[in-house]
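A quick write-up on the structure given underneath.
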């Protein structure tokens, strides 16, 4: 059972929009946000944004005069451009969920040189750095106000 | 108790010796350090209660980079692994998921206890010889204003009329840019350095008091995508990928945390309509950033741009005030010796109710241009010591 209450039509439009926002790239060897695995994650991650996303998709359908997913590529790009300007807070919520799921996908993370893993327990290595950089500061006179 | 990491020798403070070494400088820290040296401005690793060596049973920081929501390693000194275990061991009973509605008073005008709703939502009364408030700058005045009685018709301990007034936040001016090489992103604790070059009042400037710069290490991949999309930097379509790769892990930024000053029109009152799920009147916030704070923020933004430019950053962006700020809640039950101009005395006891104490940020009289938690802790410990030393004549 899907854990969302979007209609089949809205799911099709949402997936088409996700692929319009982030299409696949042969240059970088990454899928688009309409990739089955990524978009599946999107649909499972709507949570607090559910109502906003339904509102955004209704707005998109009005702009498209029907199903956004059925538009030809040129017309789809035109409607997407208009929607980006006019979508407001509901669109912001929709885009946030798409980006959240896209940039946690293993394939995408690998392409960015990131390790697809939780931070704990391995942690990360951060350079200690050269603390002698502080020597000019260390040699300054006190900056603080003396207690009366 | 908390375990502090840092570095001795900071000319912005009297001599001190943190027991643990500072958290790592990292790539962005080194860039900022060189830039600040070039400008001749103060910078230093900030003290932080993150264990950089094993400390009192806590494992050292391994740069998980998720300090704010919680530390899986236990390196961050949150109170659940510092104060509370000792307090519970000493006999304190901790009741969680309770919501206090009001503090009651007896016929002598002394606090007699608290009425609260327990975890099941059932009303309870807890009698007390001493009541200590630690709900901070919104929760404390809300509770005091909700504690109405014949003796205190305007809220408990509010003869001055100042309970809820002088609310201060820390207005933050964030400035950031992007460099031409990958940095550390969100690997490591987020705050590594600060500058107090502009902390004190300078008569040559058009504002009083000042601010601290807090330097950030960077942000993670998802945060970068979301923030950049919201800012319009991230295109839709094929160009998205190249644009994103020029942003991810390349951000460096700093915030001016400004010393807000008390103004009585900035205040917490009780909302005449809104109540929480227990039926307790909700707080209502009235707050306007002052002209002085705005000038301070603008000064900070101008200096931050100089710093970022010296650090080799371009595509400089400003978010001022930061949209998710307003988390330091201060000043609404101010401390002082004059009962007509303050709510608590110089050791945290309410002028009007001699067994009611406040140990949170509401007792501050200015906000200071730094994160407040260390000072709130210091004041709470000072007030606790004061109570202990005066036990024989605490209510005189």
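Protein chains in written order, with this note's numbering: chain A, 71 to 218; chain E, 77 to 472. Idealized CB from N, CA, C, for every residue including glycine.
- The alpha-carbon of residue 248/E is positioned some 10 Å away from that of residue 335/E.
- At a cut-off of 8 Å, the C-beta of residue 115/A has no neighbouring C-beta in chain E.
- Ranked by how close their Cα comes to the Cα of residue 424/E, the residues 235/E, 459/E, 339/E, 94/E have 459/E in first place.
- Residue 131/A is positioned such that its CB atom lies closer than 8 Å to that of residue 83/A.
- Shown here for residue 152/E: same chain residues with a beta carbon closer than 6 Å to its own, the five before and five after excluded, namely 126, 143 in chain order.
- Residue 293/E carries a coil assignment under DSSP once its states are collapsed to helix, strand and coil.
- For residue 90/E, the nearest CB of chain A lies under 8 Å from its own CB, placing it at the interface with that chain.
- For the stretch 84-110 of chain E, residues whose beta-carbon sits nearer than 7 Å to a beta-carbon of chain A comprise 85, 87, 88, 89, 90, 100, 101, 102, 103, 105, 106, 109, 110.
- In the DSSP assignment, residue 347/E falls outside any alpha helix (DSSP H) and within the unbroken beta strand (DSSP E) covering 343-351.
- Residue 175/E is bridged by DSSP to 193/E.
- Interface annotation for the stretch 147-159 of chain E against chain A: 148, 149, criterion Cβ-Cβ distance under 7 Å.
- Of the candidates 384/E, 121/E, 303/E, 89/E, 121/E places its Cα closest to the Cα of residue 202/A.
- In the structure shown, the three-state DSSP call for residue 414/E is coil.
- Chain order gives the chain A residues near residue 306/E as 162, where near means a beta carbon separation below 7 Å.
- The criterion of a C-beta distance shorter than 8 Å is satisfied by residue 235/E and residue 428/E.
- The beta carbon of residue 112/E sits closer than 6 Å to those of 119, all from its chain and outside the five residues before and after it, given in chain order.
- Around the beta carbon of residue 277/E, fewer than 16 other beta carbons sit within 10 angstroms, so the residue counts as exposed.
- Look at residue 328/E: its C-beta is not under 8 Å from any C-beta on chain A.
- When secondary structure is reduced to three states using DSSP, residue 389/E falls in the coil class, being assigned neither helix nor strand.
- Considering only beta carbons, the part of the stretch 263-289 of chain E lying closer than 7 Å to chain A consists of 263, 264, 272, 276, in chain order.
- The beta carbon of residue 139/A sits no closer than 8 Å to any beta carbon of chain E.
- Per DSSP, residue 326/E lies in no beta strand (DSSP E) segment and is marked neither H nor E.
- Sixteen is the threshold: since fewer than 16 other Cβ atoms of the shown chains lie within 10 Å of the Cβ of residue 151/A, the residue is exposed.
- Around the beta carbon of residue 178/E, 16 or more other beta carbons lie within 10 angstroms, which makes this residue buried.
- The shortest CA-to-CA distance from residue 200/E to any of 215/E, 285/E, 173/E is the one to 173/E.
- Only residues of its own chain outside the window of five on either side were considered, and among them 76, 84, 116, 160, 163, 164, 167 have a CB closer than 8 Å to the CB of residue 123/A, listed in chain order.
- At the C-beta level, residue 173/A and residue 409/E stay beyond 8 Å of one another.
- Considering only beta carbons, the part of the stretch 155-180 of chain A lying closer than 8 Å to chain E consists of 162, 165, 166, 169, 170, 172, 173, 174, 179, in chain order.
- Residue 92/A sits in coil when the DSSP states are folded into three classes, being neither helix nor strand.
- Taking each of 213/A, 177/A, 218/A in turn and checking the Cα distance to residue 101/A, the smallest one comes out for 177/A.
- Three or more pairs of CB atoms, one per stretch, sit closer than 8 Å, so the stretch 98-112 of chain E contacts the stretch 267-274 of chain E.
- Where residue 159/E is concerned, the enclosing alpha helix (DSSP H) starts and stops at 159-165.
- Of 148/A, 156/A, 110/A, the smallest CA-CA separation from residue 129/A is found for 156/A.
- Classified as exposed, residue 354/E has fewer than 16 neighbouring CB atoms from the shown chains inside 10 Å of its CB.
- For residue 360/E, the enclosing beta strand (DSSP E) begins and ends at 357-362.
- The Cβ of residue 82/E sits no closer than 8 Å to any Cβ of chain A.
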